[in-house]
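Residues in the sequence shown are numbered from 1 upward in steps of one, following this note's numbering. Here a beta-carbon is modelled for each residue, glycine too, at the ideal position from N, C-alpha and C. All figures in this text were calculated on a predicted structure; none of them were measured in a lab.
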Amino acid sequence: QVLYEQEGVFIHSSCGKNDDQDSLIAGILRVIEKENEVVVDWRPLDETLDTSNILCAGKDSSSVVEWTQTPKEKCSRGADRPSSYEAEWDMVTTVSFKKKPHSNGDATAHANGESKWSFLFSLTDLKSIKQNKEGMGWSYLVFCLKDDVKLPALHFHHGDSKPLIKCLEKHVALSESPHDERVLLVKTQKSLSQSFENLFDEPSYGLLQKWKKDPYIVTMGKFSKVTNYIVGSLRSSDPSNQRRPPSEMADFLNDTIPGLKINQQEEPGFEVITRIDLGKQPEVSRREPVSAEEWAKNMDSEGRILDVDYIKWLIFKGGLCHTLRKEAWKFLLGYFPWNSTKEERANLQKRKTDEYFRMKLQWKSVSEEQEKRNSRLRDYRSLIEKDVNRTDRTNKFYEGEDNPGLILLHDILMTYCMYDFDLGYVQGMSDLLSPVLYVMENEVDAFWCFVSYMDQMHQNFEEQMQGMKTQLIQLSHLLRLLDSGFCSYLESQDSGYLYFCFRWLLIRFKREFSFQDILRLWEVMWTELPCQNFHLLLCCAILESEKQQIMEKHYGFNEILKHINELSMKIDVEYILCKAEAISMQMMNCKELPQTVSEILGIENSSVTPDSDTGEDESAADLSCPTSLYQSIPTPVIAANGTRDGAQQTAETQSLTPA
Numbered sequence: 001q002v003l004y005e006q007e008g009v010f011i012h013s014s015c016g017k018n019d020d021q022d023s024l025i026a027g028i029l030r031v032i033e034k035e036n037e038v039v040v041d042w043r044p045l046d047e048t049l050d051t052s053n054i055l056c057a058g059k060d061s062s063s064v065v066e067w068t069q070t071p072k073e074k075c076s077r078g079a080d081r082p083s084s085y086e087a088e089w090d091m092v093t094t095v096s097f098k099k100k101p102h103s104n105g106d107a108t109a110h111a112n113g114e115s116k117w118s119f120l121f122s123l124t125d126l127k128s129i130k131q132n133k134e135g136m137g138w139s140y141l142v143f144c145l146k147d148d149v150k151l152p153a154l155h156f157h158h159g160d161s162k163p164l165i166k167c168l169e170k171h172v173a174l175s176e177s178p179h180d181e182r183v184l185l186v187k188t189q190k191s192l193s194q195s196f197e198n199l200f201d202e203p204s205y206g207l208l209q210k211w212k213k214d215p216y217i218v219t220m221g222k223f224s225k226v227t228n229y230i231v232g233s234l235r236s237s238d239p240s241n242q243r244r245p246p247s248e249m250a251d252f253l254n255d256t257i258p259g260l261k262i263n264q265q266e267e268p269g270f271e272v273i274t275r276i277d278l279g280k281q282p283e284v285s286r287r288e289p290v291s292a293e294e295w296a297k298n299m300d301s302e303g304r305i306l307d308v309d310y311i312k313w314l315i316f317k318g319g320l321c322h323t324l325r326k327e328a329w330k331f332l333l334g335y336f337p338w339n340s341t342k343e344e345r346a347n348l349q350k351r352k353t354d355e356y357f358r359m360k361l362q363w364k365s366v367s368e369e370q371e372k373r374n375s376r377l378r379d380y381r382s383l384i385e386k387d388v389n390r391t392d393r394t395n396k397f398y399e400g401e402d403n404p405g406l407i408l409l410h411d412i413l414m415t416y417c418m419y420d421f422d423l424g425y426v427q428g429m430s431d432l433l434s435p436v437l438y439v440m441e442n443e444v445d446a447f448w449c450f451v452s453y454m455d456q457m458h459q460n461f462e463e464q465m466q467g468m469k470t471q472l473i474q475l476s477h478l479l480r481l482l483d484s485g486f487c488s489y490l491e492s493q494d495s496g497y498l499y500f501c502f503r504w505l506l507i508r509f510k511r512e513f514s515f516q517d518i519l520r521l522w523e524v525m526w527t528e529l530p531c532q533n534f535h536l537l538l539c540c541a542i543l544e545s546e547k548q549q550i551m552e553k554h555y556g557f558n559e560i561l562k563h564i565n566e567l568s569m570k571i572d573v574e575y576i577l578c579k580a581e582a583i584s585m586q587m588m589n590c591k592e593l594p595q596t597v598s599e600i601l602g603i604e605n606s607s608v609t610p611d612s613d614t615g616e617d618e619s620a621a622d623l624s625c626p627t628s629l630y631q632s633i634p635t636p637v638i639a640a641n642g643t644r645d646g647a648q649q650t651a652e653t654q655s656l657t658p659a
């Protein structure tokens with residue numbers, strides 16, 4: 001999209017016949033938005049000039065532009081590089097920078113057939129603009145890029161440069177230099193967003209807009225590059241820049257997630273949580289997964305579940321053996337009613353099968369001509385195709401080319417767009433569907449289970465991000481009650497907004513645990529035990545487990561971000577489940593539980609005084625599980641270090657391939 005265009009913009013070169021006479025090169029100046037990037041592009045009107053040496057702009061890994069006289073064949077290599085959009089999902093586990101000139105290829109010069117004066121650059125590389133203010137002669141300006149690289153002066157023979165400046169100000173913040181009123185500087189307070197953009201390999205001007213529009217893409221793909229960001233973006237040579245003011249971080253997050261107010265004094269309707277002694281965390285045990293025999297014993301002759309609370313509690317305490325998941329997940333996700341008979345479920349599946357294929361036919365029957373006039377459907381299809389091709393490809397169910405699992409993943413997501421066209425497809429949804437399809441091995445059942453899961457997760461993916469805002473605020477309340485000192489430390493390091501938990505919450509830890517561990521974690525969470533928002537207590541458990549290292553080693557903003565990122569695939573799921581349950585019991589046993597926390601966890605605030613020795617009876621009752629059940633379940637104890645006594649969990653999960 002062309003945002004600005006002006007003809008009659010000349011370069012006055014010094015290559016004329018006379019030394020004192022400039023050679024005028026007429027050209028056209030454009031500001032163009034393409035692929036979420038804004039570039040400034042000048043090219044001459046005369047395309048017959050010598051093109052053997054074209055100014056070529058390329059980025060190294062530090063996003064610093066270097067201009068070199070480059071042969072034509074070298075200039076074209078940037079265009080041949082694969083899009084960074086695909087690479088941005090890669091998990092980065094190293095902390096180093098290797099100089100790779102022209103590595104990104106997204107700021108290359110013009111291709112063959114253009115003058116050596118042709119140039120374009122991304123606004124992310126703009127440092128300052130120098131303009132004349134004498135009010136005489138032609139208006140001109142000079143773009144200065146990073147590393148003080150200056151481009152040729154552009155002279156506006158037709159009109160002036162004010163409309164251009166006005167256009168640029170919509171995408172970068174400019175301020176007059178205190179030392180020279182002719183110079184407009186890119187405001188220094190944008191440095192934080194630029195630092196995040198270096199992390200994301202995106203132009204800095206667009207971070208706020210991109211986060212507001214697609215926080216999922218930013219979070220899913222690009223927080224994984226945090227280690228490079230830490231070393232390359234925030235470690236400047238000036239010691240005064242090692243520590244950014246907390247207000248800078250606060251301003252950034254307020255801009256990116258409007259309405260996110262973690263400070264409890266500022267959040268209407270929330271009480272200030274003072275320091276409360278929660279007492280010692282109780283010892284918590286886990287049991288073996290629910291077996292097929294246990295499941296069958298809890299069903300009557302017509303296929304009804306006899307004791308729903310009991311079976312949910314068993315699943316919460318140990319999960320399910322893999323052979324049961326295909327059936328049990330349909331109940332846990334709400335596809336099958338818990339009180340339904342086997343015959344009723346068969347009839348439901350028949351109706352849902354017809355309904356599914358009617359919706360699938362809707363997008364399958366759209367012709368190419370129709371799709372050309374339906375931009376939203378095209379956009380949904382394009383994003384789905386890209387995401388499907390990079391979702392869990394190391395899993396045998398999805399690996400290899402022309403895998404039928406990938407086809408099903410694509411078709412289910414496209415059909416969901418027909419089911420909920422307003423939401424359509426948002427990046428991250430493929431992560432939620434993948435384990436469900438893996439377990440169901442059936443297109444229709446996987447779709448309706450996914451629909452039920454999305455009913456729970458819908459607010460996470462809505463444009464206003466209300467679900468994410470609420471969860472981050474709630475998580476802050478819980479963590480402050482659990483450890484106000486740790487919260488204060490995080491705030492002192494500009495990390496009190498807990499933004500590093502965004503991905504955890506967005507797709508329910510899908511990128512933090514191994515695939516098999518996610519199956520266990522999700523089925524436990526779907527029981528909705530032992531309280532509401534148990535996933536927030538899982539966040540608390542992970543953060544509390546890392547608290548000692550973060551505080552003892554005096555981690556700052558950079559190190560906290562790096563450390564949390566590197567936890568991915570290294571978290572012991574059973575240990576974290578134990579710890580989160582212990583935290584829930586700890587809070588339930590609190591005699592002065594704040595009303596705010598009671599509401600978050602869905603706990604009735606009563607005057608119950610729990611038994612301080614066991615902490616089990618009262619908490620079990622309040623956590624919707626009969627006391628007898630809580631006490632009678634035989635479980636091998638998992639100690640605080642995550643080790644278990646008794647028999648080890650059987651390896652009931654194995655790789656599956658679609659039929």
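Q. Does the beta-carbon distance from Leu408 to Glu443 come in below 7 Å?
A. The Cβ-Cβ distance between Leu408 and Glu443 falls below 7 Å.
Q) If we count the other Cβ atoms within 10 Å of its Cβ and call it buried at 16 or more, is Phe10 buried or exposed? A) So Phe10 counts as buried.
(Q) DSSP has His410 in a bridge; who is on the other side? (A) His410 pairs with nothing; no bridge assigned.
Q.
What residue range does the beta strand (DSSP E) around Gly334 cover?
A. Where Gly334 is concerned, there is no enclosing beta strand (DSSP E), given that its DSSP letter is neither H nor E.
Q.
In this structure, how does DSSP classify Glu574 when only helix, strand and coil are distinguished?
A. Of the three classes helix, strand and coil, the one that applies to Glu574 here is helix, per DSSP.
Q: For the alpha helix (DSSP H) containing Arg287, list its first residue and its last residue.
A: Per DSSP, Arg287 is not a residue of any alpha helix (DSSP H), being assigned neither H nor E.
Q: Select from Pro163, Val31 and Trp448 the residue whose C-alpha is nearest the C-alpha of Leu120.
A: Of the listed residues, the one whose Cα sits closest to Leu120 is Val31.
Q. Taking just the CA atoms, how far does Lys317 sit from Glu288?
A. Glu288 and Lys317: Cα-Cα distance of roughly 8 Å.
Q: Would you mind giving the Cβ-Cβ distance between Trp329 and Met418, rounded to the nearest angstrom? I have them listed as a contact below 8 Å.
A: About 23 Å separates the beta carbons of Trp329 and Met418, which is beyond the 8 Å limit, so they are not a contact pair.
Q. Between which two residues does the alpha helix (DSSP H) carrying Gly485 extend?
A. Bounds of the alpha helix (DSSP H) holding Gly485 are Ser484 to Ser492.
Q) Using 8 Å as the Cβ pair cut-off and three pairs as the minimum, do the region 510 to 518 and the region 431 to 438 touch? A) Touching, yes.
Q.
Which residues does DSSP list as the beta-bridge partners of His155?
A. For His155, which the question treats as bridged, DSSP gives the partners Phe10 and Tyr140.
**Q.** C-beta atoms of Glu399 and Arg393 nearer than 7 Å
**A.** Result yes, Cβ atoms of Glu399 and Arg393 sit closer than 7 Å.
Q | Member of Met465, Ser488 and Gln466 whose CA lies at the smallest distance from the CA of Ser476 | A | Closest option to Ser476, Cα to Cα, is Ser488.
Q: Check Pro404 in the structure and name its three-state DSSP category.
A: Pro404 carries a helical assignment under DSSP once its states are collapsed to helix, strand and coil.
Q | Beta-bridge partners of Asp41, as assigned by DSSP | A | BP columns for Asp41 point to Arg30 and Leu120.
Q) How about the region 539 to 557 and the region 521 to 528: do they share at least three Cβ pairs that are nearer than 8 Å? A) No, because fewer than three Cβ pairs between the region 539 to 557 and the region 521 to 528 fall closer than 8 Å, the two stretches do not touch.
(Q) Among Leu126, Asp402, Leu145 and Phe156, whose alpha-carbon lies nearest the alpha-carbon of His171? (A) Residue nearest to His171 within the set Leu126, Asp402, Leu145 and Phe156 is Leu126 (criterion: CA-CA distance).
Q) By DSSP, does Ser545 sit in helix, in strand, or in coil? A) It is helical.
Q: Given a cut-off of 7 Å, decide if Met359 and Glu415 are closer than it, judged by their beta-carbon atoms.
A: It should be pointed out that residue 415 corresponds to Thr in this sequence rather than to Glu. Closer than 7 Å, so yes.
Q) Pro163: which of Gln6, Cys321 and Tyr453 sits nearest, CA to CA? A) Comparing alpha carbon positions, the residue from Gln6, Cys321 and Tyr453 closest to Pro163 is Gln6.
Q. If you draw a straight line from the alpha carbon of Lys553 to that of Val142, how long is it in whole angstroms?
A. Rounded to the nearest angstrom, the gap between the Cα atoms of Lys553 and Val142 is 47 Å.
Q) Straight-line CA distance for Phe500 to Gly303? A) Rounded to the nearest angstrom, the two C-alpha atoms are 44 Å apart.
Q.
Can you look up Ser365 in the DSSP assignment and give me helix, strand or coil?
A. In this structure, Ser365 counts as coil in the three-state DSSP scheme.
Q: Taking 7 Å as the cut-off, decide whether the C-beta atoms of Leu490 and Cys540 are in contact.
A: With respect to Cys540, Leu490 sits apart: the two C-beta atoms are not nearer than 7 Å.
Q) Do the CB positions of Gly8 and His157 come within less than 7 Å of each other? A) Their beta carbons are under 7 Å apart, which means Gly8 touches His157 by this criterion.
Q | Simplified DSSP assignment, three categories, for Gln370 | A | In the structure shown, Gln370 adopts helical secondary structure according to DSSP, grouped into three states.
Q. Which partner residues of Gln131 appear in the DSSP bridge assignment?
A. According to DSSP, which records beta bridges pairwise, Gln131 is partnered with Leu141.
Q. What do you get for Ala296, buried or exposed, if any count of 16 or more other CB atoms within 10 angstroms of its CB means buried?
A. Per the 10 Å Cβ criterion, exposed.
Q.
In whole angstroms, give me the CA-to-CA distance for Asn374 and Gln427.
A. Rounded to whole angstroms, the separation of the alpha carbons of Gln427 and Asn374 is 20 Å.
**Q.** Exposed unless 16 or more other CB atoms sit within 10 angstroms - verdict on Lys280
**A.** With fewer than 16 Cβ atoms within 10 Å of its Cβ, Lys280 is classed as exposed.
Q. Do the region 531 to 546 and the region 326 to 340 make contact, defined as three or more Cβ pairs closer than 8 Å?
A. These segments do not touch.
Q: Tell whether a beta-carbon distance below 7 Å holds between Leu505 and Gln474.
A: No. Outside cutoff.
Q | Residue closest to Lys150, alpha-carbon to alpha-carbon, out of Ser128, Ile571, Asp160 and Lys166 | A | Of the candidates Ser128, Ile571, Asp160 and Lys166, the one whose C-alpha sits nearest the C-alpha of Lys150 is Ser128.
Q.
I'd like the list of long-range same chain contacts for Cys144, defined as Cβ closer than 6 Å, with 5 residues on each side in sequence excluded.
A. Exclusion of the five residues before and after Cys144 leaves Lys127, Ser128 and Lys150 as the residues of its chain whose Cβ lies within less than 6 Å of its Cβ.
**Q.** Buried versus exposed call for Pro44 [16 or more other C-beta atoms within 10 Å across all chains shown]
**A.** Around the Cβ of Pro44, a 10 Å sphere holds 16 or more other Cβ atoms; the residue is buried.
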